[in-house]
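First the structure, in the form of structure tokens, and then the observations on it.
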Amino acid sequence: MSNLEDLYREIILDHYRSPRNRGELPSPPAIRVEGFNPLCGDELVVYLIVEDGVLTDVKITGHGCSISQASSSLMTTAVKGKPVEKVREVIDTFKQLMTVHEATLEHDGEPAKVDLRAIGELAALQGVVRFPVRIKCATLAWNTLTQGLDQLA
Amino acid sequence: MAPGGIMSSYSPGAVRTDTPLLARVINGHTITYLDSASTSLPPRAVIEAMSRYYELRHANVHRGVFQTAVESTDAYESAREAVGRFINAPGGSGEIVFTKNATEAFNLLAKSWGAANLKPGDVVLVSEMEHHANIVPWFQLREVTGIEVRFIPVTDDFRLDLANIDELMVGVKLLSVTAMSNVLGTINPVKDLAAVAHRHGALIAVDAAQSIAHGVTDVSDLDVDFLIFSGHKMLGPTGIGVFWTREEILNAMPPFLGGGGMIADVRTDGYTPAIGPSRFEAGTPPIAEAVGLGAAVRYLEGLGMTHIMRHERVLTGDALDRLSTVFSGRVRVIGPSGTTDRGGVISLDVDGVHPHDVAQVLDQFGVCVRPGHHCAKPLMRRFGLAATARASFGPYSLTQDTDVLIEALGHAVEMFG
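Just so you know, the sequences run in chain order H and D.
Residues in the first sequence are numbered consecutively from 165, following the working numbering.
Residues in the second sequence are numbered consecutively from 402, following the working numbering.
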């Protein structure tokens with residue numbers, strides 16, 4: 165059962181039950197991006213507002229499993245109010261966290277090269293990497309956010 | 402002596418012992434396999450028949466003169482005979498076409514028979530509870546030929562809504578429906594639908610992928626025109642499916658895939674297709690898979706399809722009763738509530754727990770259920786669902802599987818409270 169508790173940590177269940185920054189923003193001015201996971205039917209919409217290079221607001225709607233919903237919620241708290249460059253750094257760090265290293269799967273070691281102290285609550289999602297089919301659930305919101313930021317560029 | 406005085410060797414416990422995969426231990430628990438609607442687990446008889454074929458007889462089929470080639474051809478063709486007998490094909494093995502799977506068989510139906518016989522404006526009537534395999538090929542044909550694809554609605558109690566069937570049949574040239582829903586477990590009145598189709602001058606095709614391993618299928622009695630199913634859902638291997646139609650329809654159908662094996666003659670100015678099933682079997686066919694399917698048919702015949710159906714009905718009734726009492730409304734079954742005209746496919750909607758999370762928690766207990774839309778998105782939309790967690794029985798299932806399912810579901814409900 166330790167594996168399952170590693171996946172469904174209390175922070176994840178909390179963000180699933182009470183998602184932060186849930187809702188819509190009027191678009192325009194907000195950028196609206198849709199994300200789909202055609203394999204499991206998860207759908208979400210990310211709304212973001214960037215002013216003077218800062219991601220001043222972000223909201224998410226949609227439906228999906230606890231991992232995709234919690235990851236969306238945790239993402240909004242991690243990136244809201246940060247400069248876009250910093251947001252991209254957080255995205256990169258998270259993607260690294262979600263990368264399957266052989267060492268991660270074969271041993272019980274932590275994922276390589278990610279400073280867990282630097283990412284705060286996002287570290288709760290590190291257990292996902294041991295369930296490779298669920299990685300796409302965790303990364304859906306992040307990939308959608310990246311698409312939105314790319315539209316700005 | 403079994404009910405009805407028929408001798409049967411069927412004992413679900415013995416089938417379990419015959420099925421090697423059911424001895425596997427997953428996450429510290431002996432596997433509880435509840436995904437037979439996706440694919441069934443082959444008994445040792447099937448696995449060994451395929452191994453013996455490769456060890457002793459493997460050679461390409463047809464036109465071989467040497468000993469193993471003759472044996473290989475015999476093995477391949479005897480599988481065709483076994484399948485023809487299993488579904489009581491009036492024309493026997495000459496009406497059995499081997500395909501890659503049921504999906505390819507539907508593509509054969511649409512792209513060969515459909516393209517040759519349907520004109521712009523002709524209607525193909527399917528239902529809202531079809532698998533994508535019986536929807537998408539018709540949409541593809543619509544793009545080419547301009548046919549209309551029409552849907553029989555599904556009622557709130559998960560049955561085909563046949564109240565206006567005569568209106569729905571106007572302009573219909575083919576009624577193409579599933580014998581049993583892979584999401585709801587609903588068993589459709591195929592024999593009645595065949596009569597309706599024929600009264601309206603239409604033909605009827607039946608998707609038997611879900612029903613074939615769970616009861617008697619007799620195409621002569623049902624009076625249907627096409628029957629499609631896959632090998633791996635009836636204890637056989639993957640990589641082989643079956644397309645059946647009456648001989649006169651089959652021989653009037655244009656070829657589907659072109660190449661070796663499907664021709665009578667090839668010249669520099671063209672080709673003449675073969676007559677009979679080989680017209681639709683271009684290239685080296687799935688020989689070992691046919692051998693495995695033949696072994697699966699003989700194994701199922703040994704168990705007796707009526708006995709399997711009775712056993713699974715008892716299992717399903719017991720599971721439906723316990724799911725509704727144990728979880729008092731927190732677990733909703735998306736499918737008919739009783740066991741009348743219903744098979745052992747139980748789709749679950751667990752309040753507050755996404756199907757992927759349900760399946761993930763169940764996996765920790767070695768329980769295999771399938772989360773997702775089950776390739777039936779129009780049906781999921783009909784009931785406002787993105788996905789369900791589906792448990793389904795096979796001839797090796799026992800009430801102890803339901804015990805473990807319910808215990809594990811309890812943990813999922815508790816965890817997401």
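Beta carbons are placed, not taken as given, at the ideal position from N, Cα and C, and that holds for glycine.
Treat the numbers as computed from the prediction; the structure is a model and nothing was measured.
Using a 10 angstroms sphere on the CB of D/V555, the tally of other CB atoms reaches 16 or more, which defines it as buried.
Interface criterion not met: the Cβ of H/H179 is under 8 Å from no Cβ in chain D. Taking all protein chains in view, the Cβ of D/D622 is surrounded by fewer than 16 other Cβ atoms within 10 Å, so the residue is classified as exposed. Close CB contacts of D/A460 within its chain, under the 6 Å cut and outside five residues either way in sequence, are with T469, A470, S473 (chain order). Runs of the beta strand (DSSP E) spanning 3 or more residues and lying entirely within the segment 612 to 678 of chain D occur at 627 to 631, 642 to 646, 664 to 668, 671 to 674, in chain order.
Looking at D/V591, D/P772, D/G572, the one whose alpha-carbon comes closest to that of D/V617 is D/V591. Contact between D/H533 and D/C776 holds, since their C-beta atoms are separated by about 4 Å, short of 8 Å. Contact note: D/F817 reaches chain H through Y172, L177, Y180, R181, S230, using a C-beta cutoff of 9 Å and chain order. Counting along the chain, the unbroken beta strand (DSSP E) around D/I747 starts and ends at 746 to 751. By the criterion of at least three beta-carbon pairs nearer than 8 Å, the segment 428 to 441 of chain D is in contact with the segment 798 to 810 of chain D. Between the segment 697 to 705 of chain D and the segment 507 to 519 of chain D, the count of C-beta pairs closer than 8 Å stays below three; the two stretches do not touch. For H/L212, no CB of chain D lies under 8 Å from its own CB, so it is not counted at the interface with that chain. A contact between stretches requires three or more CB pairs, one per stretch, nearer than 8 Å, and the segment 748 to 762 of chain D meets this requirement with the segment 781 to 799 of chain D. For the segment 197 to 210 of chain H, the residues whose beta carbon sits under 9 Å from a beta carbon of chain D are, in order, L203, C204, G205, D206, E207.
The segment 510 to 567 of chain D is shown to contain whole alpha helix (DSSP H) runs of 4 or more residues at 537 to 546, in chain order. The C-beta of D/G773 comes closer than 8 Å to at least one C-beta of chain H. For the segment 205 to 232 of chain H, the full-length beta strand (DSSP E) segments reaching 3 residues or more read 206 to 215, 218 to 227 along the chain. Runs of the alpha helix (DSSP H) lying entirely within the segment 688 to 751 of chain D, each at least 4 residues long, are 688 to 704, 706 to 727 in chain order.
Taking the C-beta atoms as reference points, D/L721 is found no nearer than 8 Å to D/T800. Between D/L519 and D/I553, the gap from beta carbon to beta carbon reaches 8 Å or more. DSSP, read as helix, strand or coil, puts D/F487 in helix. Straight-line measurement puts the Cα of H/L309 at about 15 Å from the Cα of H/G217. For H/L168, the nearest beta carbon of chain D is closer than 8 Å to its own beta carbon. A straight-line Cα-Cα distance of about 28 Å links D/E568 and D/R647. Residues of chain H with a Cβ closer than 7 Å to the Cβ of D/A788 are, in chain order, C204, G205. Annotation: H/R186 is outside any beta strand (DSSP E) and is labelled neither H nor E by DSSP.
Residue range 445 to 453 is occupied by the alpha helix (DSSP H) that includes D/S452. Around the beta-carbon of H/Q233, 16 or more other beta-carbon atoms lie within 10 Å, marking it buried. At a cut-off of 4 residues, the continuous stretches assigned as alpha helix (DSSP H) that sit fully inside the segment 757 to 807 of chain D are 778 to 783.
At least one C-beta of chain H is nearer than 8 Å to the C-beta of D/D758. Taking C-beta separations shorter than 6 Å and ignoring five residues to either side along the sequence, the partners of H/T241 in its chain run R184, following chain order.
Look at D/V762: its C-beta is under 8 Å from a C-beta on chain H.
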